[in-house]
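First up is the structure itself, then whatever we jot down about it.
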Amino acid sequence: MRILVILLFAPMMVFSQEKTYQTMRLGIPETGKEPNSIKFAKEGIVIDEKLCFRYELKHNVFTEYGKSRNYYEITSLDGKLVFSGIIYQNEKREWEGMVSFPLIDKKGYKNSKIISRKDLILNLSSSQVINNDCTINLDNLKLFYEKSNENKEKNF
């Protein structure tokens with residue numbers, strides 16, 4: 005009987021954990037290099053079965069935005085900083101994110117649809133910024149920043 009109960013509830017647990025993710029559509033020019041698959045593995049971000057970026061989460065560090073409990077960095081495999089961000093709760097206790105794009109010298113990016121590194125990477129790849137060959141399209145990154153940044157104090 006115990007096995008039957010587990011078998012009956014296991015599919016519901018898996019179904020309830022699945023999440024459909026809708027990325028932003030910004031009208032950024034397509035490059036034909038959009039990744040087919042993205043995985044967030046322990047060793048980093050895997051695009052089309054190839055390790056492309058490293059990811060590190062740091063706690064209680066001082067950043068350009070002040071002290072942060074949740075700070076992350078996404079680097080190239082050779083250690084160059086590609087993206088960094090913080091995740092925090094605002095005064096309404098809602099989660100928000102703030103991202104920096106050092107490759108184009110932009111800081112202070114906020115978008116209500118982008119809180120975590122996963123949100124960021126999925127939206128960047130669907131916007132033709134992150135390519136399937138592990139490269140970054142800088143022109144599309146600039147367009148992404150300009151078209152989707154909700155922060156009124158841009159690049160503070």
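Here my numbering = 1-based position in the sequence shown + 4. For each residue, glycine too, the CB sits at the ideal point set by N, CA and C.
Where residue i sits in the DSSP three-state scheme
i    : result
N127 : helix
R121 : helix
N144 : helix
S72  : strand
S80  : strand
K151 : helix
I32  : coil
Span separating the alpha-carbon of residue i from that of residue j
i    : j    : result
I32  : F57  : 23 Å
Y69  : N40  : 34 Å
E98  : S80  : 30 Å
T67  : G112 : 12 Å
N136 : D82  : 18 Å
N155 : L142 : 20 Å
Y149 : L61  : 23 Å
I125 : K96  : 26 Å
I108 : S129 : 17 Å
I51  : K43  : 7 Å
Assumed close pair residue i, residue j - CB separation to whole angstroms, cut-off 8 Å
i    : j    : result
L30  : S152 : 6 Å
K54  : C138 : 7 Å
I140 : V86  : 7 Å
Paired residues, beta bridge with residue i - DSSP
i    : result
V103 : G89, Y113
V65  : S72
E60  : E77
H43  : As written in the sequence, residue 43 is Lys, which differs from the His given in the question. Answer is V50.
I134 : I140
Closer than 7 Å: residue i CB and nearest the ligand GDP heavy atom
i   : result
I49 : Absent from the structure shown: the ligand GDP. Ligands present: none.
At a cut of 8 Å, does the stretch 45 to 58 reach the stretch 88 to 95 through at least three beta carbon pairs? Touching, no, given that fewer than three Cβ pairs across the two stretches are closer than 8 Å.
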